[in-house]
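So the mapping is simple: the working numbering equals the position in the sequence shown, first residue as 1, plus 81.
Ideal placement from N, C-alpha and C gives every residue a C-beta, glycine not left out.
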Amino acid sequence: MNIVLWFLAGLVAAGFLFSGAYKLALPHEKYVAAQAWAADAPPWAPHAIGVLEVLGALGVVLPAVLGVAPILVPFAATGLALVMAGAVVLHLRRREFPALVPSGVLLVLAAVVAWGRFGPYAF
């Protein structure tokens, strides 16, 4: 199960690193054109979410790889799961049903990593 959790943590990290970098790289106007929800959000919100996603992606993998404070891994996974829970609620309210799939998958993956690393397969 440890190998499965490492694999899932890698998937979570890759997904959030890509998503967060995308939010950080684009100016607000271009991001709004690509993602309709951002039009209703303050201009700083996509960038703030992007920072949280990039930091969470690093936090899911780096502490365990470096052997420095690996207890941070389940906390980072929990934080990412909470970010995705917010995304799921936002997409449900806006009736953006196709966007629920990636958000829901990342939510479940992050929650499984948090459960495993807090519980029976902690470092």
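To the nearest whole angstrom, what separates the beta carbons of residue i and residue j, a pair I think is in contact under 8 Å?
i	j	result
K111	E134	Rounded, the Cβ-Cβ distance is 18 Å, inconsistent with contact.
A94	V141	5 Å
Rounded to whole angstroms, what's the CA-CA distance from residue i to residue j? Just pull it up for me.
i	j	result
Q253	A122	Residue 253 is absent from the model: the chain starts at 82 and stops at 204.
F204	A114	42 Å
M82	L163	23 Å
Specify, as a first and last residue, the run of the alpha helix (DSSP H) that residue i falls within.
i	result
P201	It is not in any alpha helix (DSSP H) - P201 carries neither H nor E in the DSSP assignment.
E134	126-147
L92	83-106
Do residue j and residue i come within 7 Å of each other at the CB atom, strictly closer than that value?
i	j	result
G131	G91	no
F97	A138	yes
Practice item. Spell out a yes or no on whether the segment 158-172 and the segment 186-199 are touching, meaning 3 or more CB-CB pairs, one atom from each, closer than 8 Å. Key: yes
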